[in-house]
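Just so you know, the sequences run in chain order V and D.
Residue 1 is where the first sequence starts when you use the working numbering, and the numbers rise one by one after that.
Residue 1001 is where the second sequence starts when you use the working numbering, and the numbers rise one by one after that.
No residue lacks a Cβ here, since even glycine has one placed at the ideal position from N, Cα and C.
Please read all numbers here as calculations on a predicted model, not as lab measurements.
Please read the structure below before turning to the comments.
Number of protein chains: 2
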Amino acid sequence: MAADDRQQVTNIVCEFLDAVSRGDRKSILAHHDDKLLMFDFPDTVRGLKDYDDTWDFFFDSQRGPITFEPEELLATVGDRVAFVSCIVHCDGTTAGSFRFRLTVGLVKCDGEWLITHEHHSVPAKEDTFVMPDKREALSHS
Amino acid sequence: MAADDRQQVTNIVCEFLDAVSRGDRKSILAHHDDKLLMFDFPDTVRGLKDYDDTWDFFFDSQRGPITFEPEELLATVGDRVAFVSCIVHCDGTTAGSFRFRLTVGLVKCDGEWLITHEHHSVPAKEDTFVMPDKREALSHS
């Protein structure tokens, strides 16, 4: 790993999130690979065009200044492959203030780090994933 | 990347999933790092002890033979860092048959690949993440 790979990878993820905060659609895509695979909240998204479209939905729901800030960012960086995990605090849309979990996968191509994978999720609250004893308690609440 | 790193990484993820199918608790943990960070369905889990406990919950909900099979597995493998994405078909618990998205991050330590990160999620169906026009339609359905 080159001395500055960790910094480059961290910067790319932070600049991507900052571009969302600023509503800078071009910069959101600045380091994303054409063949990106994204596990988005509602579904799986393949390729940069469909990925870009998901931001139409996001910005359609904007109701004020956007917050899109990483917390607990952890970068694992090799010579050619890296992954980053963090919690993202999002605010400023119809969804209100909430936190989601983000994992980003990156590959170094021709000396440049590119995002090839994103996994976004909110904790599942469906009854399906509640402990059986808690489900029992919930059914009586 | 050594010639067989891709195969080793793929095998570790497939053997982990197969260990879940077989209910082999020891093998589930065979290639997990002590400091694992897991974005689990309901919450964030840190460390191997708490990770192991999540499988108590899983197997408590068992109602028949477990299916835990990867589909569309994609491995991105470098010299020392790798990540894998796949869809997992799960069946045999109180949750019934469903598919979830899995991202696994791995690091090579002393010649051995270890899982240091997992991100599990089901697509979010909350009203929050439904397109505004679809939300309108749903409210009238």
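message: Looking at chain D, is there any beta carbon in it that lies within less than 8 Å of the beta carbon of V/Thr41?
response: Looking up residue 41 of chain V in the first sequence gives position 41. It is Phe, not Thr, that sits at residue 41 of chain V in the sequence shown. Chain D, which has a Cβ nearer than 8 Å to the Cβ of V/Phe41, makes this yes.
message: Just verifying my parser: in three-state terms, what is the DSSP assignment at V/Ala164?
response: Outside the shown range of chain V (1 to 141) lies residue 164 of chain V, about which nothing can therefore be said.
query: Nearest CA to the CA of D/Thr1054: which residue from D/Asp1033, D/Arg1025, D/Gly1092 and D/Val1009?
result: Taking the first residue of the second sequence as 1, we reach residue 1054 of chain D at position 54. The shortest Cα separation from D/Thr1054 among D/Asp1033, D/Arg1025, D/Gly1092 and D/Val1009 belongs to D/Arg1025.
- prompt: What residue from V/Leu36, V/Glu69, V/Ala75 and V/Leu29 has the CA that sits closest to V/Gly161's CA?
  reply: Nothing in the structure corresponds to residue 161 of chain V, since chain V is present only between 1 and 141.
message: Going residue by residue through the stretch 18-52 of chain V, where are the continuous alpha helix (DSSP H) segments of at least 4 residues, counting only ones entirely within it?
response: 25-28
query: Do V/Ser121 and V/Ala95 have their C-beta atoms within less than 8 Å of each other?
result: Counting from one through the first sequence, the residue named residue 121 of chain V turns up at place 121. Counting from one through the first sequence, the residue named residue 95 of chain V turns up at place 95. Against a cut-off of 8 Å, the Cβ pair of V/Ala95 and V/Ser121 comes out as no contact.
field: chain D contact for V/Phe83 (CB, 8 Å cutoff)
entry: Here the question's residue 83 of chain V lines up with position 83 in the first sequence. Yes, contact with chain D.
- prompt: Can a CB atom of chain V be found closer than 8 Å to the CB of D/Val1107?
  reply: Residue mapping note: residue 1107 of chain D aligns to position 107 of the second sequence, counting from 1. Yes, its Cβ sits closer than 8 Å to a Cβ of chain V.
- prompt: Just how far apart, CA to CA, sit V/Leu36 and V/His117?
  reply: By one-based count along the first sequence, residue 36 of chain V stands at place 36. By one-based count along the first sequence, residue 117 of chain V stands at place 117. Roughly 6 Å separates the two Cα atoms.
task: Identify whether D/Val1013 lies in helix, strand or coil by the three-state DSSP scheme.
output: Counting from 1 along the second sequence, the entry for residue 1013 of chain D is found at position 13. Helix at D/Val1013.
- prompt: If we ignore side chains and look at the alpha-carbon of each, how far apart do V/Ile66 and V/Arg22 end up?
  reply: Position 66 of the first sequence, counting from 1, holds the residue named residue 66 of chain V. Position 22 of the first sequence, counting from 1, holds the residue named residue 22 of chain V. Using only the alpha carbons, I get a separation of about 7 Å.
- prompt: Under the DSSP definition of a beta bridge, which residues are partnered with V/Glu72?
  reply: Locating residue 72 of chain V in the first sequence gives position 72, where the first residue counts as 1. Beta-bridge pairing links V/Glu72 to no other residue.
task: Step through the CB atoms of chain D and report whether any lies within less than 8 Å of the CB of V/Val122.
output: If you number the first sequence from 1, residue 122 of chain V lands on position 122. Judged by the 8 Å Cβ criterion, V/Val122 is in contact with chain D.
- prompt: How big is the Cα-Cα spacing for V/Phe39 and D/Asp1110?
  reply: By 1-based counting over the first sequence, the position of residue 39 of chain V is 39. By 1-based counting over the second sequence, the position of residue 1110 of chain D is 110. Those two C-alpha atoms are separated by around 32 Å.
query: Within this structure, are the beta carbons of V/Val107 and V/Val81 separated by less than 8 Å?
result: Within the first sequence, the letter at position 107 stands for residue 107 of chain V. Within the first sequence, the letter at position 81 stands for residue 81 of chain V. Yes, Cβ-Cβ distance for V/Val107 and V/Val81 is below 8 Å.
message: Could you tell me which whole beta strand (DSSP E) segments of length 3 or greater appear in the stretch 77-116 of chain V?
response: 81-93 and 98-109
Cα-Cα separation, V/Asp33 to V/Gly47: As a first step, residue 33 of chain V must be located in the first sequence, where it is residue number 33. As a first step, residue 47 of chain V must be located in the first sequence, where it is residue number 47. Computed Cα separation, rounded: 8 Å.
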